[in-house]
Each structure stands twice: as structure tokens, then as C-alpha cells.
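Chains as they are written, first to last, in this note's numbering: chain A, 2 to 489; chain B, 2 to 489.
Ideal Cβ positions, reconstructed from N, Cα and C, are used throughout, including at glycine.
Take a look at the structure set out below.
2 protein chains.
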Amino acid sequence: MFPFETIITIDRNLKLPVYRQIAVNIIQAVRNGVLKPGTPLLSTREMASLLNVHRKTVIAAYDELNAQDWITIIPRKQVHISEKIPLLNPQKWEKEKQIPPYQNSLNIPFVEVGPITTPQPTDSFHWFIDDGRPDIRLSPISSLLKTYRLLAARKSVSKKTAQDNTQGTIRLRIELANYLSETRGINISEENLLITHGAQMSIYLGACLLAAQKTSVIVGKPNYPMANKVFNQLNAPLVEVAMDSDGLDVDRIERLCQKTKISVVYVIPHHHYPTTVTLSVERRIKLLELSKRYNFVIIEDDYDYDYHYSSSPYLPLASAQHYGNIIYIGSFSKVLDPAVRIGFMVAPTNFIAQATELRRLIDIGGDMYMQDALAVLIQEREISRHLKKAKKVYHQRRDRLAHLLQQALGSHVSFSIPSGGMAMWIRFHSTIDIQELAETLAKNKLKIGCIDKTENAFRFGFASMEEQELEETVDQIKQAIEQLIQTN
Amino acid sequence: MFPFETIITIDRNLKLPVYRQIAVNIIQAVRNGVLKPGTPLLSTREMASLLNVHRKTVIAAYDELNAQDWITIIPRKQVHISEKIPLLNPQKWEKEKQIPPYQNSLNIPFVEVGPITTPQPTDSFHWFIDDGRPDIRLSPISSLLKTYRLLAARKSVSKKTAQDNTQGTIRLRIELANYLSETRGINISEENLLITHGAQMSIYLGACLLAAQKTSVIVGKPNYPMANKVFNQLNAPLVEVAMDSDGLDVDRIERLCQKTKISVVYVIPHHHYPTTVTLSVERRIKLLELSKRYNFVIIEDDYDYDYHYSSSPYLPLASAQHYGNIIYIGSFSKVLDPAVRIGFMVAPTNFIAQATELRRLIDIGGDMYMQDALAVLIQEREISRHLKKAKKVYHQRRDRLAHLLQQALGSHVSFSIPSGGMAMWIRFHSTIDIQELAETLAKNKLKIGCIDKTENAFRFGFASMEEQELEETVDQIKQAIEQLIQTN
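As C-alpha cells, this is what we get:
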């Protein structure tokens with residue numbers, strides 16, 4: 002009998018369960034050509050005794066090997082290495098026993114996308130100030146998934162799979178067209194809609210189709226960094242235009258247009274990222290006029306439209322009398338859960354058709370059950386009810402945060418209360434350096450998601466925190482500031 | 002009192018429910034400036050009587066208007082148009098009452114991705130021969146979603162959202178690294194893995210990083226069309242190399258390498274799309290040698306590895322002694338459900354890092370609950386058990402289809418039985434024109450998903466059909482052929 006003890010080493014300190022260690026060892030031995038096809042294995046009892054493990058462990062290992070076709074189990078419990086082994090000419094393999102680590106040895110140039118973001122391990126933080134995310138404890142995600150399961154369980158396979166869902170399911174697009182009409186005054190048909198894998202994909206698709214002209218793209222300064230990165234990756238010349246409390250400086254855009262060809266203006270009209278300011282009515286109207294006169298496309302990234310509190314929201318530019326040159330972008334990730342990546346793009350039909358073809362190349366399309374489940378939630382008003390509820394809660398949290406900041410940090414910070422959205426933009430006076438503050442907080446296991454060193458500011462996402470959590474967080478910041486002042 | 006009957010028209014032929022018609026009409030009137038902020042509405046009883054609808058319908062309409070903040074309901078049931086209306090300077094809007102349709106008026110050039118695929122409406126088909134998809138009636142998707150709900154319901158918000166999941170959740174990558182080692186002999190760490198939104202995204206990302214060199218890319222002829230489209234979109238020069246029953250003609254690749262710089266060879270080693278042939282062992286070894294000698298990258302699209310029946314599967318090229326220049330692509334869409342879009346890419350760490358950054362620009366990342374739910378299913382062996390079961394069923398279906406084709410269409414077709422996968426490649430003799438056949442079948446409401454006019458062939462996805470469905474489908478094809486022969 003084959004000396005199995007020589008090929009099976011069990012290390013109880015490994016995370017891999019013992020039964021899998023046995024299975025993996027046997028597979029490796031077959032791969033190395035040490036165990037030949039047809040070799041009989043010990044009975045489970047014998048093997049258990051040999052390896053000094055419970056017999057159930059060996060049964061589990063054999064079950065696994067059998068599931069993967071490495072062994073054949075014949076009725077009266079004879080077990081042997083399968084005759085049909087997935088082997089690729091084992092002789093060749095024995096030449097070099099050790100497979101080299103699959104790392105960094107690619108000696109062929111590839112396009113570099115940019116500096117690598119090495120995420121810090123989350124385990125090292127106890128708490129996180131996000132950049133404006135919903136409180137998933139309030140989200141109707143459970144209802145969404147219940148609907149998903151119902152839809153996926155319907156057994157009408159064939160006709161369903163025949164559908165071309167790259168543009169998004171027809172059901173979701175019809176419901177969404179109604180929803181956008183009712184909530185935003187955007188009157189479109191389902192042909193003006195492309196369902197995307199989140200708002201970012203809408204930005205990416207829009208930029209790919211528009212920015213390749215190598216004419217300039219105008220963005221705010223500061224701007225949503227992930228939009229800038231997309232334009233940079235496409236080699237589109239970026240022109241930064243200052244932001245003030247009324248949003249993008251539209252007069253500056255006019256002067257730029259007089260001098261140079263502008264192809265795209267990227268604008269976040271509500272609760273701008275990161276500054277949270279809202280574009281004023283006058284500037285909206287002027288921007289629309291400029292877009293006609295100078296023939297540029299407006300990418301209107303309205304990711305945050307659904308959340309407005311004290312003041313009335315403005316209708317999107319896309320709902321106005323425009324000239325077929327607005328790409329409107331929105332998302333349900335801020336409504337449901339950042340993990341649920343359903344966004345959309347509203348644009349003229351010919352643009353949507355091309356964006357759909359590009360999207361097909363990227364990932365074929367989205368999850369049709371998830372899309373239809375969302376359609377059901379929209380149709381049954383569950384999304385509206387959730388938003389109404391969430392708005393009340395977030396409104397309170399915003400006001401609570403403003404109060405706490407004023408009380409605890411009043412002398413160190415300045416901020417204005419945003420009319421909506423999920424985050425506040427906190428600027429520090431020059432006595433406090435935001436980078437130093439973030440480092441001090443990181444030592445206390447609190448991580449800040451979005452800081453801006455130039456503006457000496459950070460985004461405080463209040464929506465995801467309950468009032469007590471807000472209090473504790475502001476208190477931690479206060480302590481860190483006191484610590485900083487003492488040290489400096 | 003305002004003459005509401007003049008602004009509310011109910012059309013019972015519309016699909017829009019009556020209560021929503023009422024709500025939409027009121028919203029429009031507010032938007033047009035006809036109904037001013039503060040205007041009182043009729044009580045629900047009065048309005049119901051005026052419009053001749055049930056009072057519950059009006060209550061639903063008011064609830065909806067209230068949910069959207071268009072009206073204010075004061076305790077004793079006084080209802081009026083909200084004072085805080087989302088209006089953008091209504092005077093300006095009245096100039097042009099009719100919002101133009103949002104269509105085709107974009108007069109700015111954009112990059113065209115390609116000819117538009119106009120999908121035929123599915124309603125017009127009763128039945129569909131797909132190009133090789135799993136039978137979702139067998140899929141463990143319900144178990145996946147149950148796990149998803151459990152994971153999403155855990156209320157530890159903050160630390161979770163702090164994670165950077167663009168590369169895929171750490172949990173799924175660790176489980177997948179184990180799974181790939183056990184099932185495919187690919188020994189990697191989780192840093193060699195990028196979780197993508199389906200295999201197509203892996204192709205897209207790989208091609209973006211590699212094909213921009215403007216040196217040639219080798220593909221099979223025929224090839225998976227969506228891969229060719231990606232390379233075309235990136236302006237990579239495509240060189241087509243013939244396929245025979247052993248797969249890509251590797252000698253031809255060698256001769257090409259001697260003449261010109263090749264940067265990428267895209268290969269589908271198992272059950273090639275569309276022809277279903279498998280690359281032979283000898284050619285695999287030679288391809289690896291060539292990749293070293295001529296310094297090209299192999300994109301190994303092994304979308305179908307999990308399904309092999311009669312003959313032994315070969316281990317992937319990526320499991321062999323290679324030179325850090327293989328991008329290995331796989332997917333769980335064929336295991337679970339085409340709607341569940343989880344694929345992966347295995348590559349050297351520096352390549353994975355850049356692919357991750359590019360993926361971040363495209364869509365930030367995937368659904369982390371879905372990924373963790375899949376990790377749980379892999380860990381608990383549910384995926385292995387499902388595959389074992391599904392393989393048996395699909396094996397039977399493959400053999401049943403081969404038998405049916407031989408019996409019913411033997412004199413008109415030629416095909417070889419694929420060693421695995423989910424589809425058979427059926428070539429028609431020159432007496433039958435595949436295009437004509439497809440049109441005849443379409444008249445009988447049967448649609449074929451993948452036909453190739455040059456090869457006069459189509460892919461018959463057998464995995465998704467039960468045996469009786471296979472019989473009925475083959476019978477329909479037989480009848481259509483008889484019809485064709487009679488007419489010609």
C-alpha cells in the first residue's frame with residue numbers, strides 16, 4: 002500500500018480545515034505524479050487511524066476529492082485515484098517541482114492607470130467618518146432582496162435569458178422614467194435611460210464618448226476626484242474653475258469659452274462633492290445658455306438629489322428647456338446601500354444607444370433580478386416612503402452635527418449647513434492642520450474618509466451616524482484637537 | 002376654489018394607475034405655475050366626487066403628493082400645495098410651455114462604439130436556443146440570496162463601509178484562491194485576484210492595459226465576438242488564426258511571431274466559443290514556450306472550466322510553469338445564473354493593482370454582500386456540490402441532444418460532441434442555409450442566440466433545457482428544415 006503518511010502532513014495551526022489539508026495533499030501528490038491514476042486509497046477507517054484523525058474528517062476529505070473528480074468511489078467502498086485525472090502531461094511538470102510565485106514577473110509593458118491606492122486594513126480602525134453615505138440600518142435592502150428571490154425563483158428560464166438587458170431591464174427603465182418625471186420633472190421615455198453599475202459607470206461611459214475629442218473639459222476646483230481621474234485617464238485636458246458658495250463660477254466658464262473650445266462641463270448641481278454647495282438658480286440658467294451658445298455638453302452629476310432638507314431643491318438642468326446636450330447622472334446607491342450598485346444615465350437616445358454598446362463591451366450588463374426588484378420597490382412606493390423617512394432622520398442628524406460642531410469646535414472650524422445631502426464640509430482654521438489632525442485621529446483608531454489638504458478641510462458624513470455616534474465622534478475630534486494644541 | 006377639473010384628466014385606458022394620474026396632473030399644474038404654492042386642495046371626499054373616482058384613489062394620490070413634498074397636510078385634514086415647492090423660477094419656464102422631447106438633438110460629436118444592436122422584443126418568441134447558459138432552475142441562487150440577506154442585515158455599518166472593496170472583498174478572494182488551487186492547480190495568493198463584474202469585464206480590463214501598445218493581438222477564427230469587439234474598440238490590430246479540432250493553430254502563431262511583434266494571444270482553452278473545441282496538450286505546451294520566446298501575454302479565457310464530462314479536463318495554462326505573463330479569466334455567471342455577474346482575473350500582483358485602479362474608474366467596485374455570500378457558498382462546499390450535480394445533469398443533456406440530432410437531423414448536420422461546456426456547435430451541410438433556417442424558426446417563434454453565417458453553423462446551448470425541451474426543440478428544427486426543403 003502507498004505510504005500515505007509521507008505525502009499527507011497535517012498542520013493544526015493552519016486556518017485550512019484538516020479535511021481540506023488531507024484533500025489538498027492528495028491532489029498535490031497526484032499532480033506531482035507521485036500518486037498515479039488508479040492507485041487505491043486506504044479505507045476511511047485505515048486512513049483515519051494512520052493520520053490520527055477522526056474518521057469523519059477522512060470521509061469529508063474523500064467526499065471533497067470525489068466532488069472534484071480526483072477519486073472514484075466504487076460501491077463497496079473501494080476508493081482509488083480516478084483514472085481520468087485532470088493532468089497536463091505530468092512528466093513535463095516534474096522537471097521543475099516548485100511552481101514559482103505568481104508575482105511581478107510580467108516583463109511586458111502595460112498601460113498604467115495611476116498610482117496604486119493601497120487601502121489601510123480596516124481592522125486597525127474602530128470608527129470611520131465616511132464622505133456621505135446612507136445609514137444602511139434604515140435601508141429597505143431586506144425588502145429588495147426578498148423581491149429579488151421571488152423574481153429569481155420564477156422558473157421561466159428560456160424567454161428571460163433571451164432578453165438583451167445591457168441597457169437595463171425594460172421594467173426598471175419604465176418605472177424609473179415615471180419616477181424621474183414625478184420627482185425631478187425630467188420627461189423622458191425609457192429609451193433615454195441606461196441603467197449602469199453605479200453613478201461612477203455613468204461618468205466613465207459619458208466621459209469615454211465625449212472626452213476623446215481632446216478639447217477641454219471644465220470641472221470645479223475642488224471637484225469629485227474620481228471624475229477628474231476618469232478625464233485624466235482619457236487624456237482629456239482638464240480646466241479647473243473655482244467654486245464659491247453659489248457653485249461653479251459660470252462667468253469664468255463664459256470667458257474660457259470665448260478663448261478655447263470646451264467640449265464638456267462636468268457639474269454637481271446639488272451638494273457638490275466635496276464642498277456641499279448648491280449651484281444657484283441664476284448660474285443654472287446662465288450655464289444652460291452658455292451650453293447652447295458654445296455648443297458644449299453638460300454632464301450633470303446629481304448623485305445626491307434625493308436628499309434635501311430645509312430649502313427647496315432645484316429641478317435638474319436636465320428638466321429644463323435644454324438643447325439635447327445634457328447627460329444626467331443619478332444613483333440608487335445613496336438610497337439603498339453603497340453595496341447595491343444601480344445608477345442611471347439620462348441622455349438623448351442616440352447617445353444612450355452608443356453608451357449601451359460601450360457598456361456591453363465593459364461588462365455585458367447588470368443583474369436583471371436586482372434591477373427588476375428595484376423596479377418593484379419604486380412601483381410599490383417603497384423607495385418614496387423610505388426616502389421620506391430617511392430625509393427626516395438625516396435632517397435631524399445634520400442639525401445635530403451642526404450644533405455639536407458649534408459647541409465643541411466652534412473656535413477652530415467654519416462650515417455652512419448644506420441644504421441637503423449626507424455630508425458637511427468642515428474647514429479648519431489655519432491653527433489646526435487637517436493632515437496632523439487626521440493622523441492623530443488615526444492613532445486613536447478613527448479614520449476620516451475624505452480630507453482635502455489644500456482646503457484644510459474634510460467631509461463629515463453625518464447621515465450614517467446615529468445622534469450618539471455623532472456626539473462621540475465630535476468628542477473624539479475635540480480631544481484630538483486639544484492634544485494637537487498641547488503638543489504644538 | 003380652484004377649478005381642479007380643468008387640470009386633472011383621467012384616462013382609464015392608460016397603464017398609469019388613476020391615483021398616479023391625479024398626482025402627476027397636479028404636479029404638472031404646479032410646475033406650469035397654474036397651481037400656486039399655498040393653494041388649498043379639495044378634501045379627499047370633495048375631490049373624489051368632482052372627479053368621479055373612489056375616495057381611496059384620491060387618498061392614494063394625496064399620499065403620493067405628500068411623500069414627494071408637493072403638498073402639505075395639516076392635522077385637521079386641510080391640504081394645500083406646499084409652500085416649499087421644488088420650482089426653478091417658474092416665470093422663465095412659462096415662455097415655452099412644452100418641454101421638447103429629449104431625443105437625438107445632441108449636435109456634438111461623440112465617439113461611436115459601433116453599430117447598435119437592436120434587440121428583438123422577447124415577447125415575440127416562445128422559445129430560445131441560448132449559446133450555452135446554465136439551467137437556472139438548478140442554481141443555488143436562493144441559498145446565495147439568503148446568505149446575502151443575512152450579511153446585509155448585520156448592523157455594523159461603519160467599519161464595513163471603511164473597506165476598499167474595488168479589488169473584491171478579502172473574504173471572497175481568500176476563498177477563491179483556495180478554490181482555484183483545489184480545482185485548477187493555480188497556486189496564488191489573494192493579491193493575484195481581482196473580482197470583476199463578470200468575465201467580460203476581465204477581458205475589457207486586460208485588453209485596456211495590454212492592447213494599447215498598438216502591437217498585434219492574435220485571436221482565433223472564429224472567436225468570441227465580444228472579445229474581438231473590445232480589441233477593435235481599443236484600435237488593437239487583430240490577427241486571426243485558424244481553429245481546427247485541436248484548437249488554435251499554434252504553428253501559425255509561431256510563424257507570425259517571427260515576422261511581427263505580437264503583444265497578446267487571446268485563447269479560450271476549454272470548449273472554445275463558438276466552436277467548442279479544446280486546445281490540445283501539445284499546443285498548450287508550445288503556446289507557453291512561444292509566450293516566453295516572443296514575450297507576449299496570454300489572455301486565457303477559461304469561462305467554461307467547471308463543466309467537463311467524458312474526457313479529463315486539462316489544467317489551465319495559468320497553473321503551469323509560466324513566465325508571469327498569463328492573465329487567467331473565469332466566471333461564476335455560468336455556475337450560478339447569468340444575471341449574477343461575478344467574474345475574476347488572476348494575474349501578477351502589479352498587473353492586478355493596475356487593473357484594480359482602472360476598475361475603480363469604471364464602477365468603483367462590486368456588490369460586497371454578493372461577493373461575501375458567494376465566499377460563504379464556496380467555503381461551505383455548496384458550489385462544489387452544485388457543480389457535481391449540475392455536471393451530471395448537463396452530461397445527460399449533452400448526450401441526449403447528440404442522440405436527438407443524430408436521429409432527427411443526421412443527414413443535414415455535422416457536429417462533434419464537446420468534452421464539456423454547455424453548448425454544441427452544429428454545422429449544416431450546404432443544402433441548408435443557416436440564415437434561412439433561423440428565419441423560418443423565428444416565424445415559428447423560436448429564436449437562436451448565436452449563429453455564424455460563414456461557418457453555416459449555430460451554437461446549441463443544451464445545458465439550460467430539460468430532456469423534453471431538447472426533444473421539442475430538435476423537433477421544431479427538423480420541421481423547419483423539411484419546410485425549407487419543400488420550398489426550395
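Residue from the options whose Cα sits closest to the Cα of residue i
i                         : options                                   : result
proline 275 (chain B)     : B:Val265, B:Ala243 and B:Arg284           : B:Ala243
leucine 249 (chain A)     : A:Leu145, A:Val25, A:Gln355 and A:Gly221  : A:Gly221
valine 80 (chain A)       : A:Glu47, A:Pro110, A:Asn53 and A:His55    : A:Glu47
phenylalanine 5 (chain A) : A:Thr73, A:Pro226 and A:Val35             : A:Val35
asparagine 296 (chain B)  : B:Leu316, B:Val268, B:Gly325 and B:Tyr304 : B:Gly325
histidine 323 (chain B)   : B:Leu288, B:Ile23 and B:Val341            : B:Leu288
aspartate 247 (chain A)   : A:Tyr310, A:Ser417 and A:Arg460           : A:Ser417
asparagine 53 (chain A)   : A:Val25, A:Arg13, A:Ile75 and A:Ile363    : A:Arg13
threonine 350 (chain B)   : B:Arg399, B:Asn229, B:Ser334 and B:Glu191 : B:Glu191
serine 332 (chain B)      : B:Gln372, B:Arg172 and B:Leu359           : B:Gln372
leucine 42 (chain B)      : B:Tyr310, B:Phe461, B:Ala458 and B:Leu66  : B:Leu66
glycine 186 (chain B)     : A:Arg398, A:Gln234 and A:Ile27            : A:Ile27
threonine 7 (chain B)     : B:Leu235, B:Asp245, B:Arg342 and B:Ile23  : B:Ile23
glutamine 29 (chain A)    : B:Glu183, B:Leu173, B:Leu17 and B:Asp64   : B:Glu183
glutamine 477 (chain B)   : B:Ala443, B:Thr216, B:Gln487 and B:Asn166 : B:Ala443
glutamate 483 (chain A)   : A:Glu472, A:Leu438 and A:Glu467           : A:Leu438
isoleucine 117 (chain A)  : B:Phe129, B:Asp165, B:Ile130 and B:Pro116 : B:Asp165
C-beta atoms of residue i and residue j nearer than 8 Å
i                        : j                        : result
asparagine 193 (chain B) : isoleucine 300 (chain B) : no
cysteine 209 (chain B)   : valine 112 (chain A)     : yes
proline 317 (chain A)    : tyrosine 329 (chain A)   : yes
threonine 197 (chain A)  : alanine 376 (chain A)    : no
asparagine 445 (chain B) : alanine 481 (chain B)    : yes
alanine 200 (chain B)    : serine 334 (chain B)     : yes
arginine 401 (chain A)   : tyrosine 310 (chain A)   : no
valine 265 (chain A)     : alanine 212 (chain A)    : yes
Chain-ordered chain A contacts of residue i [CB-CB under 9 Å]
i                     : result
glycine 248 (chain B) : The contacting residues do not exist; glycine 248 (chain B) stays about 14 Å from chain A at best.
For residue j and residue i, believed in contact at Cβ under 8 Å, the rounded distance
i                        : j                        : result
methionine 423 (chain B) : tyrosine 308 (chain B)   : 6 Å
isoleucine 142 (chain A) : leucine 337 (chain A)    : 6 Å
histidine 413 (chain A)  : isoleucine 433 (chain A) : 5 Å
tyrosine 63 (chain B)    : threonine 45 (chain B)   : 6 Å
Whole-angstrom distance between residue j and residue i, CA atom to CA atom
i                        : j                           : result
glycine 207 (chain A)    : alanine 356 (chain A)       : 7 Å
isoleucine 286 (chain A) : histidine 271 (chain A)     : 15 Å
aspartate 453 (chain A)  : phenylalanine 429 (chain A) : 11 Å
tyrosine 395 (chain A)   : alanine 464 (chain A)       : 5 Å
arginine 150 (chain B)   : alanine 154 (chain A)       : 16 Å
histidine 387 (chain A)  : serine 292 (chain A)        : 36 Å
histidine 127 (chain B)  : leucine 447 (chain B)       : 6 Å
valine 268 (chain A)     : valine 114 (chain B)        : 25 Å
leucine 88 (chain B)     : tryptophan 71 (chain B)     : Summary for leucine 88 (chain B): the model assigns pLDDT 48, below 50, so the residue's position carries little reliability, and this model does not support an answer.
glutamate 470 (chain B)  : alanine 321 (chain B)       : 40 Å
serine 50 (chain A)      : arginine 253 (chain B)      : 55 Å
arginine 361 (chain A)   : arginine 172 (chain A)      : 19 Å
leucine 17 (chain A)     : isoleucine 384 (chain B)    : 18 Å
glutamate 456 (chain B)  : threonine 474 (chain B)     : 21 Å
serine 125 (chain A)     : valine 298 (chain A)        : 44 Å
aspartate 136 (chain B)  : glutamate 467 (chain B)     : 9 Å
Under 9 Å by beta carbon: chain B residues contacting residue i
i                       : result
glutamine 469 (chain A) : What glutamine 469 (chain A) touches in chain B: nothing, since even the nearest Cβ is about 13 Å away.
Interface partners of residue i on chain B, CB under 7 Å
i                           : result
phenylalanine 345 (chain A) : The premise fails here: phenylalanine 345 (chain A) is roughly 13 Å from chain B at the closest Cβ pair, so nothing lies under 7 Å.
lysine 230 (chain A)        : Leu362
Within chain A, partners of residue i - CB distance below 7 Å
i                           : result
histidine 198 (chain B)     : His198 and Asp364
phenylalanine 111 (chain B) : Leu210, Leu211, Phe352 and Gln355
tyrosine 370 (chain B)      : Ala340
isoleucine 425 (chain B)    : Sequence inspection shows methionine at residue 425 (chain B); the isoleucine mentioned does not correspond to that position. Those within 7 Å of methionine 425 (chain B) in chain A number zero; the least Cβ separation is about 17 Å.
Partner residues on chain A for residue i, Cβ-Cβ distance less than 8 Å
i                     : result
leucine 146 (chain B) : Leu146, Tyr149, Arg150 and Ala153
leucine 239 (chain B) : Residues of chain A passing the Cβ test: none, with the nearest at roughly 14 Å.
valine 25 (chain B)   : Ser182 and Glu183
Chain C contact residues for residue i, given Cβ-Cβ distances below 8 Å
i                      : result
arginine 386 (chain B) : Within the model displayed, chain C is absent; protein chains A and B are what it includes.
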